[in-house]
Every structure is written in structure tokens, then in C-alpha cells.
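Data first, discussion second: the structure below is written as C-alpha cells.
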Amino acid sequence: MKELEYLGNKDLLKRKKWGFLASRQVASNEVLLCYDWATERSKSGDCVVSGFSSKMEKDVLHFLLKGKSPIIVVLARRMYAKLPEEWRNAISEGRMLIVSTSQAMRQSRQTALLRNQYVAELCDTLFSVESTNNKKDSHDKT
1473 MKELEYLGNK
1483 DLLKRKKWGF
1493 LASRQVASNE
1503 VLLCYDWATE
1513 RSKSGDCVVS
1523 GFSSKMEKDV
1533 LHFLLKGKSP
1543 IIVVLARRMY
1553 AKLPEEWRNA
1563 ISEGRMLIVS
1573 TSQAMRQSRQ
1583 TALLRNQYVA
1593 ELCDTLFSVE
1603 STNNKKDSHD
1613 KT
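Laid out in C-alpha cells, this is it:
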């Protein structure tokens, strides 16, 4: 993996972190579970790390941005030249860190796999939702 690039509050890396990974397609019976999980993280103030790339991951980010939870966004591409508008408050409040894991202009399958590996290594507990077998896992890595 290339040298990482950071934007935002690097102190978030020192916190206990929940990781969230979701497949591009999530079974409809899993959607509410994910929303409930995101709402709980948002209320608890837990730090959440993810690529926030799939539809479900973007939905979870939406819940987190409405709360006060610290957020670490891991990009599978180069750093944004211009931040998404909805992220600006979280950055200015010091509750967001953006980590770029690649210099690629766009995310690819390979850069996404490397990003997901980085998310899994960075977090203390990983919550993942996979479409292939409708599997929900929460793995405490301690």
C-alpha cells in the first residue's frame, strides 16, 4: 500500500473504532439491521471507520453525519480536490478524518480490496454485511 494521505483529525486513529463494510447489494431484511446499527453508533458517539462507498455504507454515513460520532472515511482513490459539502461540518468540528489509500483517480476493484483490508486492520470491531449468503458478522479483534 502506498504512503497514506490524511485530511482531518488524525487523533481519531487513537480511539477505539468500529469498522463497517457492506456489499454493493444487501438483502432487504438486512437493511433495517444496518440502519439500527448506524443509529446506535451515532447515539453512542462510537468512532466508525469505513470506505462509505457502497449504497448501504453511504446510508450509514448519512446517519453518522446527523449525529456526533467521529468518522474515519477511507478512500480507495486519491484524496478529494474538493470535499463533499455534507462532510465539511464534520471536518471543521474535528470529528472526521479522511484517509486516502491510493493515488488512483477512481476506485477500482483492486484499490477497493486494499481499502477494505486497511479498514479491517484499523478497526477494533468489524461489522460486515455480505450479500452472497446474507451473513452479518461482528468481529471483536481484541
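At position 21 of the sequence shown (counting the first as 1) the number is 1493 in my numbering, and the numbers step up by one without a gap. Where a beta carbon is used, it is the ideal one built from N, C-alpha and C, also for glycine.
*Beta-carbon gap between residue 1555 and residue 1563 smaller than 8 Å*: yes
*Inter-residue CB distance, residue 1587 and residue 1546 (contact presumed, cutoff 8 Å)*: 5 Å
*Return helix, strand or coil for residue 1595, following the three-state DSSP convention.*
coil
*For residue 1478, write down the residues that DSSP places opposite it in a beta bridge.*
1571
*Could you spell out the range, first to last residue, of the beta strand (DSSP E) harbouring residue 1522?*
1519-1522
*Return the chain-ordered ranges of every beta strand (DSSP E) run that is complete within the segment 1540-1591 and spans a minimum of 3 residues.*
1543-1547, 1568-1572
*Contact set for residue 1493: own chain, Cβ-Cβ below 8 Å, skip 5 residues either direction*: 1522, 1523, 1529, 1588, 1591, 1592, 1598, 1599, 1600, 1601
*Distance between residue 1575 and residue 1516 (C-alpha atoms, nearest Å)*: 34 Å
*asked:* Measuring straight from C-alpha to C-alpha, what distance separates residue 1584 and residue 1476?
replied: 14 Å
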